[in-house]
Amino acid sequence: NQPEGEPINSNPIKIKAVDDGEVIIGNLSYGTYYVVEVAPTTGYTIYDGDDDEYYDTVTLSSENPSATATIVNRISSVPEEKGNVTIIKELEDENGELITSSELSFKIKLTDFNGRELVYDVPVGVQYQTSLLSLGAYTVEEVDIPEGYELVSISDESFNLTREGFTVTVRNKKLKEDPPPTDAKGTIIVKKVILNSDESTNTEETREFIVRVKNTKTNSYEDFTLKKGALEKSGQFNLGEYEISEIDVPSDYDVYISDEDRIVDLEEDGDIVTVTVTNIKNDTPAKPTISKDDGGVRVYPGDTITYDISVDIKDNDFNGAYLIESPDPNTEYIPGEGDEWEYMGIVAGRKTYKYDIYQYVPMFARSEFSAIPEIPEFKVSVKNTAEDSVINYVTLYYEYESEEHVTAQEDTPILERDDDDKDDDDKDDDKKDDPPKVGKPDLVVDKTDNDAMVSPGALVEYVMPQVIQDGCWKKVDMSMTLV
């Protein structure tokens, strides 16, 4: 199958053609030429059919100054063989010791024989296997090395991939960090901005706001207390990274710290960083309160404790609100006449009972439910126990379909019976079935700190504006300052 015709000279011209494309060769002398395919691309074979179209012959003359040669390829019937590359990433610490586990990963680039680049994100301490790759020559390099690390070695910077696969090991080392001078420090300035709900400046707020500056590496922190008249404070800190947060934020305020301000760095001696922490009043309704009262009794095993429960809804929507009672395991619930408390099962080792304050009420009918109904008593009997008290919890869940809640508890002392009537030091043994009761106090004092937020060393003012005496509210003028 020698092609017909002879070349005009013995110097072949090598060209590279593209798929379904053409290549034009100019400035050729007149004469006969033949075009032969010598190296088909991967996945194709030289066409050797009846027409022998793996070559073509053309003749150039003055009558025929241009000619077209056509080469035909056949898709290879044999599937291309492929193999995997396994990349092992090793990492040394500053002392050259191998680190066996790390959250770090490194980018390894493979370049194949066609110049195609493949980049893999390889974690430390694993044998990472690539997808199937075409067989042939590859080169290996590491790119985008993370700051603070250096390349130590690559076991094979070039290799020939066969169907058995190939393994490459790449090792890095963590660089030693030069410790900053022990006396190097920077300054962090914290500015507090307090706004009303309409974002106007709030000049009336007297409560304190606490901003915490915490070293992210050592977890040591310093709290800045800011309030009216002192809305900016600063402190000196060792060099490093610090997280800015606000703690014990009043419930009627939201806190805003920009992403840039949440994490700050002191990198060099004398660095100064300013952080602005903004609070905006959110007009959140006051949190509901709940109380539980056992009447001040002290009991023996077998006695009954009756709990009175009351709630104050404040300005919250009590649509769907309910109570959960969790009596002490050393007591047993005594159902009332209407058995309003529904048994709900055991939670955290305690039996629980539910009372619906409000069932779900449609919006148009809620005006009929403006007051909290009277909460039924919750009675328990005390079991024989060696404990010296029983503790009962009651939790109020408020705001429809919400997990918002408040909890109250009541501790009731348990007395120990002494059945030895001949014991000289028990003169009142005959009264052992009539335990002493403390009862409800004649005088109840209401005390408030007006939701003040303080730090150690600060002054707290408690105001006791009113008392209950003989069952009636009486106004008194009483205040005191405690250190």
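Sequential numbering of the sequence shown, starting at 986, is according to our numbering. Just so you know, even glycine gets a beta-carbon here, dropped at the ideal spot from N, CA and C.
- Here DSSP, grouped into helix, strand and coil, assigns Arg1247 to helix.
- In this structure, the alpha-carbon of Ser1219 lies about 10 Å from that of Gly1171.
- Closest in alpha carbon position to Ala1393, among Leu1400, Tyr1040, Leu1381, Tyr1134, is Leu1381.
- Per DSSP, reduced to three states, the secondary structure at Glu1088 is coil, with no helix or strand assignment.
- Of the residues Leu1136, Arg1156, Val1070, Tyr1238, the one whose Cα lies closest to the Cα of Asn1145 is Val1070.
- Tyr1307 is the residue among Tyr1307, Glu1401, Lys1364, Glu1372 whose C-alpha sits nearest the C-alpha of Glu1388.
- Taking 9 Å as the cut-off, the beta carbon of Thr1397 is found closer than this to the beta carbon of Val1284.
- Per DSSP, reduced to three states, the secondary structure at Ala1215 is strand.
- A Cβ-Cβ distance of about 18 Å is found for the pair Val1391 and Pro1312, leaving them out of contact under the 8 Å criterion.
- Sixteen is the threshold: when 16 or more other Cβ atoms of the shown chains lie within 10 Å of the Cβ of Leu1211, as they do, the residue is buried.
- Counting only runs that start and end inside the region 1130-1182, the beta strand (DSSP E) elements of at least 3 residues fall at 1134-1139, 1143-1146, 1151-1159, 1170-1180.
- DSSP, read as helix, strand or coil, puts Phe1363 in strand.
- The Cβ atoms of Lys1336 and Thr1289 do not sit closer than 9 Å to each other.
- In summary, Val1128 is exposed, with fewer than 16 beta-carbon neighbours lying within 10 Å of its beta-carbon over all protein chains present.
- Around Gly1334, the same chain offers Pro1314 as residues with beta carbons nearer than 7 Å, after the five sequence neighbours per side are excluded.
- Per DSSP, Ile1072 is one residue of the beta strand (DSSP E) stretching across 1070-1077.
- A distance below 6 Å between beta-carbons, with the five flanking residues on each side excluded, links Ala1122 to the following residues of its chain, in chain order: Phe1098, Asn1145.
- DSSP places Asn1200 in the strand class (E or B) of the three-state scheme.
- Leu1095 counts as buried, since no fewer than 16 other beta carbons sit within 10 angstroms of its beta carbon.
- C-alpha of Asp1278 to C-alpha of Ile1294: approximately 7 Å in a straight line.
- In the structure shown, the three-state DSSP call for Glu1082 is coil.
- Annotation for Ser1205: no beta strand (DSSP E) segment contains it, and DSSP assigns it neither H nor E.
- For Ser1276, the uninterrupted beta strand (DSSP E) run begins and ends at 1274-1278, by DSSP.
- Under the criterion of beta carbons closer than 8 Å, Asp1141 and Val1125 qualify as touching, at roughly 6 Å.
- Asn1267 and Ile1195 have their alpha carbons spaced roughly 18 Å apart.
- Leu1120 sits close to Glu1066, with the two beta carbons spaced by under 9 Å.
- Below 8 Å, too few C-beta pairs join the region 1149-1158 and the region 1216-1230 to call them touching: fewer than three.
- The three-state reading of DSSP puts Arg1059 in strand, counting E and B together.
- For Asp1106, the beta-bridge partners assigned by DSSP are Lys1092.
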